[in-house]
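Under our numbering, the residue at position 208 of the sequence shown is numbered 209, and the numbers go up by one with no gaps. For glycine and all other residues, C-beta sits at the position ideal for the given N, C-alpha and C.
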Amino acid sequence: MSRFLLDYIHQHQAGWKQQPQILADERFQDCILLVFGQPRTAVFAHLDSIGFTVRYGRQLVRIGGPRAEAGYRLVGQDSQGEIDCTLTIDEETGELGYAFHRDIDRGTELTFYCDFRETDTSVQSCYLDNRLGVWSALQLCQTLEHGIVAFSCWEEHGGGSVAYLAKYIYETYGVRQALISDITWVTEGVHPGQGCVISLRDSLIPRRAYVDRIRAIAAASGIPFQLEVEGSGGSDAKELQHGPQPWDWCFVGAPEDHVHSPDELVDKRDIASMVALYRVLMQEL
Numbered sequence: 002m003s004r005f006l007l008d009y010i011h012q013h014q015a016g017w018k019q020q021p022q023i024l025a026d027e028r029f030q031d032c033i034l035l036v037f038g039q040p041r042t043a044v045f046a047h048l049d050s051i052g053f054t055v056r057y058g059r060q061l062v063r064i065g066g067p068r069a070e071a072g073y074r075l076v077g078q079d080s081q082g083e084i085d086c087t088l089t090i091d092e093e094t095g096e097l098g099y100a101f102h103r104d105i106d107r108g109t110e111l112t113f114y115c116d117f118r119e120t121d122t123s124v125q126s127c128y129l130d131n132r133l134g135v136w137s138a139l140q141l142c143q144t145l146e147h148g149i150v151a152f153s154c155w156e157e158h159g160g161g162s163v164a165y166l167a168k169y170i171y172e173t174y175g176v177r178q179a180l181i182s183d184i185t186w187v188t189e190g191v192h193p194g195q196g197c198v199i200s201l202r203d204s205l206i207p208r209r210a211y212v213d214r215i216r217a218i219a220a221a222s223g224i225p226f227q228l229e230v231e232g233s234g235g236s237d238a239k240e241l242q243h244g245p246q247p248w249d250w251c252f253v254g255a256p257e258d259h260v261h262s263p264d265e266l267v268d269k270r271d272i273a274s275m276v277a278l279y280r281v282l283m284q285e286l
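Dropping the structure here:
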C-alpha cells in the first residue's frame, strides 16, 4: 500500500494546487506524511487491512476484526506462489482454517478477494474501510494549501504508528488538531445517503469544544452530514487521546454497511459529502 500510494502521489502531485513535502523514510516505517504550506490541522487515514494470518495445521488467526463466514474467498502469496483459497470454520470448535490444494507457509497474510462493484448510487468492495478514507484524503490533496495528511499503519490491530507520527508532527510543526479520515458504520441512527458522519463519540470522547467548532463549520457549509453517538469502536484517534501531546481530534467519515466483510457498501452521496466536508474543514479550522 505504501509503495502504491507513493507511486500515485508522484504521478499526480503536479496537478495539485500546492506541492507538498513528502516524508516517507525509515523514521516513519511504512507511514507517509504529506506536509502542505503552513499546516494547522492534520488528517489521519490508515492504510492497513483486516485479514488472517496462517498459523499451524491449516489454522488461521484473525488480523483485527474481520467477519468470518465459511466459503469466503481469501487471497495472498507465499514462497510457493499465489494463493486463492477458501475460509473454513470448524462446526464444533469454531476454529478458523482454509481449504487449499497445498499447505500455505505459516505467517502468510491472507485478505479478502476483491470483487469491486459500482452502481449509479453506490460502491461495494472489501476494504472500503479504509481504502475509501485514503481515497478521500487524496481528493483533499488536490486543493489543500495548508495542512498535513498522514497515512498511518496498524489501526486495525492495535495501532502503534500514530503515536510517533503525532509526536513528530507536534514537535516539528506545532500542529495539535486532527481529523480522522476513516469509515464508520450504518446503524439505527446513521443512514446511507444522508451525508458524511461527524462522530460525537465512540469508545472514547473527543473534547467538546473542538467538536462543536467542527459542527458549526459543517452546519454553515450546507453540506449534508449526520451525527454519530456510539459506545464502542475506535480509530487512529485512540493514540492521539492517549498520547502526551495535547491533541484535539474528531472522526469524520462516510458510513458503510456490511462492515469488515468482503461486501462493504457505501452510498456515493456520502462519499461526495465526505470529500466536500474535508475541504471546508481544512480551510476553516
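Quick one: is residue i buried, meaning 16 or more other Cβ sit within 10 Å of its Cβ, or exposed?
| i | result |
| --- | --- |
| Y57 | exposed |
| Y279 | buried |
| G190 | exposed |
| T173 | exposed |
| D91 | exposed |
| D237 | buried |
| S137 | buried |
| S274 | buried |
| G159 | exposed |
| Y9 | exposed |
| Q12 | exposed |
| A100 | exposed |
| D203 | buried |
Can you tell me whether DSSP reads residue i as helix, strand or coil?
| i | result |
| --- | --- |
| Q242 | helix |
| T112 | strand |
| F117 | coil |
| G16 | helix |
| G134 | helix |
| T188 | coil |
| F29 | helix |
| I222 | Before going further, note that residue 222 is Ser rather than Ile in the sequence given. Looking at S222 - three-state DSSP - the assignment turns out to be helix. |
| V251 | Going by the sequence as given, residue 251 is Cys instead of Val. If DSSP states are grouped into helix, strand and coil, C251 belongs with the strands. |
| A69 | coil |
| V62 | strand |
| T42 | coil |
| Y169 | helix |
| C142 | helix |
| Q22 | strand |
| H158 | helix |
| H147 | coil |
| R202 | strand |
| Y279 | helix |
| V176 | coil |
| L286 | coil |
| Y9 | helix |
| I90 | strand |
What is the rounded straight-line gap between the Cα of residue i and the Cα of residue j?
| i | j | result |
| --- | --- | --- |
| V36 | D104 | 45 Å |
| V281 | E27 | 33 Å |
| A217 | N131 | 26 Å |
| L145 | E285 | 12 Å |
| E156 | H47 | 6 Å |
| P193 | T120 | 15 Å |
| A277 | L34 | 22 Å |
| T42 | G108 | 38 Å |
| E231 | G82 | 43 Å |
| A151 | E93 | 44 Å |
| L205 | H243 | 10 Å |
| A25 | R118 | 32 Å |
| A167 | G16 | 28 Å |
| S233 | V253 | 16 Å |
| Y165 | H102 | 42 Å |
| S182 | V135 | 7 Å |
| A297 | Y128 | Because the chain is modelled from 2 through 286, residue 297 falls outside the range shown and cannot be assessed. |
| A69 | P263 | 10 Å |
| Y211 | A219 | 13 Å |
| I170 | T89 | 44 Å |
| P21 | S222 | 26 Å |
| P245 | L7 | 30 Å |
| P207 | S80 | 45 Å |
With distance defined between alpha-carbon atoms, name the residue in the options nearest to residue i.
| i | options | result |
| --- | --- | --- |
| E265 | L205, C115, P207 | C115 |
| Y73 | F53, V187, S80, E83 | F53 |
| R214 | Q81, L205, K239, W250 | W250 |
| K18 | P207, Q143, P247 | Q143 |
| H259 | L7, V212, V124 | V124 |
| G98 | Y128, Q227, V62 | V62 |
| P225 | K269, Q20, L141 | K269 |
| V267 | S80, T122, V163, C86 | T122 |
Since I believe residue j is in contact with residue i (beta carbons under 8 Å), could you give me their beta-carbon distance rounded to a whole number of angstroms?
| i | j | result |
| --- | --- | --- |
| G77 | H261 | Contact flag wrong, Cβ pair sits at about 18 Å. |
| T185 | V176 | About 24 Å separates the two Cβ atoms, so there is no contact after all. |
| F45 | S126 | Rounded, the Cβ-Cβ distance is 22 Å, inconsistent with contact. |
| G196 | D271 | 6 Å |
| L201 | E240 | Not a contact, Cβ separation roughly 20 Å. |
| E96 | Q60 | 6 Å |
| S3 | D49 | That belief does not hold up - the Cβ atoms of S3 and D49 are roughly 10 Å apart, past 8 Å. |
Would residue i pass as an interface residue toward chain C - the criterion being a Cβ-Cβ separation below 8 Å?
| i | result |
| --- | --- |
| H192 | Here there is only one protein chain, and chain C is not present. |
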